[in-house]
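J.:
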Amino acid sequence: MNDPSQSLRALSCADDYDPNSMPVAKARELIVRFLSPVTAIERVHVRSALGRVLAEDVISPLNVPAHDNSAMDGYAVRFADLKGDGDVALKVAGSAFAGAPFKGAVKAGECVRIMTGGVVPPGADTIVMQEHVKAEKDRVTIGPGYRKGQNLRRAGEDLAAGQVALKRGLALRPAEIGLISSLGIGEVTVYRRLRVAFFSTGDELVSIGTVPAAGQIYDSNRYTIHGMLTRLGCEVIDMGVVHDDPKLLERAFVEAAEAADVVITSGGVSVGEADFVKDLLNKLGEVVFWKIAMKPGRPLAYGRIGGAHFFGLPGNPVSVMVTFYQFVRDALLKLSGRDPVPPLPTFKVLCVSNLKKAPGRTEFQRGILSQDAAGNWSVRVTGDQGSGILRSMAEANCFIILPDVQGNVAAGTLVEVQVMEGVV
Ligand code: AMP
Ligand code: MG
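Residue numbers (numbering that gives the first Met the number 0): 0 to 423.
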């Protein structure tokens, strides 16, 4: 494991290190440096392995396919029996169905009726499609024009015994689970789930089920964070709402760091509150306190408390989601053992809205990607982009990413988008 406190100290002496205006790319790069992924492993049945991360390579114990077999319904023939320039008649010696092979070998002048997946009998080396033959009783007539080995799938063609079927660091999807099952493997070795403890900070917050008094609001961040963590396959520890009281906060930070690999909080890192939380975190751990050059989500704290990684997200509900998707997601996947961490894909698309944007920060505006009748995709911005307007996230299906140097965007320009659904 790296020693984060050493690295953090070295970091703060670096020339281009400005904890109050960190470019997005630089912040990502720094976070990655201090992450120490989970190493504990466990064995799970393939049925329970969906979303889990492989802790070792899966080696194929067998050839796939196991036998030379037919890719078509047709006839297994000896290529040498076929004529290059005319018809040949062959005797049908029997059949080879999937799961019921032909017993014996195909002799000169013979062929075997074979179905897709049927084992190619000894002697035969080519499959002729049934549509291409004239069949009468136990004889078939076959014309010219075949290639030796045609329509035949070779044993081990997809995967040879001993070969790596799936690599360590991969998260299992239904396709991988199917592949593992096709090898007859019933259990896999995966990393234990990442434990993430989280709480909301703020005197104004109440949880669902409590009637808010004047000036109080419902806590929503804990619920979005819960959802985002669950999607990433984390084990979640919801620690509720903690009031802006140094004693209560200290206790919550310590408890969270003892229970989890990662601690995530929301609120309490903006101007005014920041110094107070900063002092506390300096006492309990080590924090690179960041204002990231982004919008929304400028205040974002990152560091360690005890043995746990710490992310102090902003309080505004949209900022929470944006910073989570842009920074915390990748970090959590890396900590979960994902190797490599798949980047969130982005692509360019025509923007049909005018976008307000001041140069100097990366903006993550909320967008709606849609397709017109001709099949062309374009993006428009959701309404007001205020960082407290959670509805803008709910309506959006993508982020429109506008780089630091970018100013206002006129409708009709290509912009970079990052699709949310299925990815984030
Ligand atoms: P803060 O960073 O704590 O100053 O919070 C910034 C804004 O986000 C304030 O308007 C808070 O009321 C709001 N906020 C903070 N935490 C939450 C939360 N858990 N759910 C909803 N809104 C919140
Ligand atoms: Mg607050």
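Beta carbons: idealized from backbone N, C-alpha and C, even for Gly.
Threshold first: 3 residues or longer. Then list the beta strand (DSSP E) segments lying entirely within the segment 117-155, N to C.
T.: Complete beta strand (DSSP E) runs here, min 3: 125-128, 132-135 and 138-141.
J.: Please report the distance separating the alpha-carbon of Ile176 from that of Asn220.
T.: Ile176 and Asn220: Cα-Cα distance of roughly 33 Å.
J.: Quick one: what's Val163 bridged to in DSSP?
T.: BP columns for Val163 point to Ile58.
J.: So Gly360 and Phe398 are in contact, right, with Cβ under 8 Å, and what is the actual spacing, rounded?
T.: As written in the sequence, residue 360 is Arg, which differs from the Gly given in the question. No, Arg360 and Phe398 are not in contact; Cβ-Cβ is about 14 Å, not under 8 Å.
J.: Rounded to the nearest angstrom, what separates Ala307 and Ser206 at their Cα positions?
T.: Computed Cα separation, rounded: 26 Å.
J.: Compute the Euclidean distance between the alpha carbons of Ser4 and Glu285, then round it to the nearest angstrom.
T.: Since pLDDT at Ser4 reaches only 49, below the 50 mark, its modelled position is unreliable, and no value is offered.
J.: Can you tell me which of the three DSSP states Asn68 falls into?
T.: In the structure shown, Asn68 sits in a strand (DSSP, three-state: E or B).
J.: Could you check if Arg328 is buried or exposed, using at least 16 other CB atoms within 10 Å of its CB as the buried criterion?
T.: Under this definition Arg328 is a buried residue.
J.: In chain order, what are the residue ranges of uninterrupted beta strand (DSSP E) at least 3 long that sit wholly in the segment 192-226?
T.: Within the segment 192-226, the complete beta strand (DSSP E) runs of at least 3 residues are 194-200.
J.: Check whether the Cβ of Gly266 sits closer than 8 Å to any heavy atom of the ligand MN, and report yes or no.
T.: This structure does not include the ligand MN; its bound ligands are the ligand AMP and the ligand MG.
J.: In its own chain, which residues sit with a C-beta less than 8 Å from the C-beta of Ala95, not counting the 5 before and 5 after it?
T.: Here the set comprises Ser69, Ala75, Phe101, Val111, Arg112, Ile113, Met114, Gly117, Val118, Val119 and Pro120.
J.: Less than 9 Å separating the beta-carbons of Ala39 and Arg191?
T.: Yes, the pair counts as a contact, with Cβ atoms nearer than the cut-off.
J.: Label Leu299 either buried or exposed according to how many other C-beta atoms from any shown protein chain fall within 10 Å of its C-beta, with 16 as the threshold for buried.
T.: Buried, because 16 or more other Cβ atoms sit within 10 Å of the Cβ of Leu299.
J.: Let's test the definition: count the other Cβ atoms within 10 Å of the Cβ of Leu413 and tell me whether it reaches 16, buried, or not, exposed.
T.: Exposed, since its Cβ has fewer than 16 Cβ neighbours within 10 Å.
J.: Please report how far the alpha carbon of Met238 lies from the alpha carbon of Trp376, in whole angstroms.
T.: Answer to the nearest angstrom: the Cα atoms are 42 Å apart.
J.: Within 8 Å, do at least three Cβ pairs link the segment 54-68 to the segment 207-219?
T.: Result no; under three Cβ-Cβ pairs closer than 8 Å.
J.: Report back the beta-carbon spacing between Pro245 and Phe197 to the nearest angstrom; my notes put them in contact at under 8 Å.
T.: Contact doesn't hold; Cβ gap of about 19 Å is too wide.
J.: Ala258 to Val43, Cα distance in whole Å?
T.: If you take the alpha carbons of Ala258 and Val43, they lie about 23 Å apart.
J.: Alpha carbons only, please: which of Ser20, Ala48, Asn353 and Leu61 is nearest the one belonging to Ser181?
T.: Of the candidates Ser20, Ala48, Asn353 and Leu61, the one whose C-alpha sits nearest the C-alpha of Ser181 is Leu61.
J.: Within a Cβ cutoff of 6 Å, which residues of the same chain sit near Gln129, ignoring the five residues on either side of it in sequence?
T.: So the list reads Asp72 and Gly73, once near-sequence residues are dropped.
J.: For Arg138, would you say it is in contact with chain B, using Cβ-to-Cβ distances shorter than 9 Å as the test?
T.: Here there is only one protein chain, and chain B is not present.
J.: Taking 8 Å as the threshold, find out whether the segment 288-296 comes into contact with the segment 312-323 through three or more Cβ pairs.
T.: In short, these stretches touch, since the Cβ pair count reaches three.
J.: Specify the secondary structure class of Asp243 as computed by DSSP and reduced to three states.
T.: Coil.
J.: Please report how far the alpha carbon of Ser391 lies from the alpha carbon of Asp383, in whole angstroms.
T.: Going from the Cα of Ser391 to the Cα of Asp383 covers about 7 Å.
J.: For Met419, collect the residues of the same chain with a Cβ closer than 8 Å to its Cβ; drop the 5 residues on either side in sequence, then sort them by chain order.
T.: For Met419, where only same-chain residues beyond five positions count, the Cβ hits under 8 Å are Tyr324, Ala395, Asn396, Cys397 and Phe398.
J.: By alpha-carbon positions, which one of Phe78, Val416 and Phe363 ends up nearest to Gln149?
T.: Gln149 has its Cα closest to that of Phe78, out of Phe78, Val416 and Phe363.
J.: Check whether the Cβ atoms of Ala256 and Phe309 lie closer than 9 Å to each other.
T.: Contact flag set, yes.
J.: Is Pro339 closer than 9 Å to Gly168 when the C-beta atoms are compared?
T.: Result yes, Cβ atoms of Gly168 and Pro339 sit closer than 9 Å.
J.: Given 8 Å as the limit, tell me if Ser269 has its C-beta closer than that to any heavy atom belonging to the ligand MG.
T.: Under cutoff, so the answer is yes.
J.: Keeping to the same chain, check which residues put their C-beta closer than 7 Å to that of Ala251; ignore five residues upstream and five downstream.
T.: For Ala251, where only same-chain residues beyond five positions count, the Cβ hits under 7 Å are Phe198, Met238 and Val241.
J.: State buried or exposed for Asn281, treating a residue as buried only when at least 16 other CB atoms are found within 10 Å of its CB.
T.: It counts as exposed.
J.: Val268 and Val52 - do their beta-carbons sit closer together than 9 Å?
T.: Against a cut-off of 9 Å, the Cβ pair of Val268 and Val52 comes out as no contact.
J.: Does the distance between the C-beta of Ile216 and the nearest non-hydrogen atom of the ligand AMP fall short of 8 Å?
T.: Yes, the ligand AMP has a heavy atom inside 8 Å of this Cβ.
J.: Quick check on the DSSP output: the alpha helix (DSSP H) that includes Ile176 runs from which residue to which?
T.: Here the alpha helix (DSSP H) through Ile176 covers Pro173 to Ser181.
J.: On the DSSP bridge list, what partners appear for Asp237?
T.: Bridge partners of Asp237: Phe197.
J.: Can you tell me whether Gly201 sits near the ligand MG, meaning its C-beta is under 8 Å from at least one heavy atom of the ligand?
T.: Checking every heavy atom of the ligand MG against the Cβ of Gly201, one is found closer than 8 Å.
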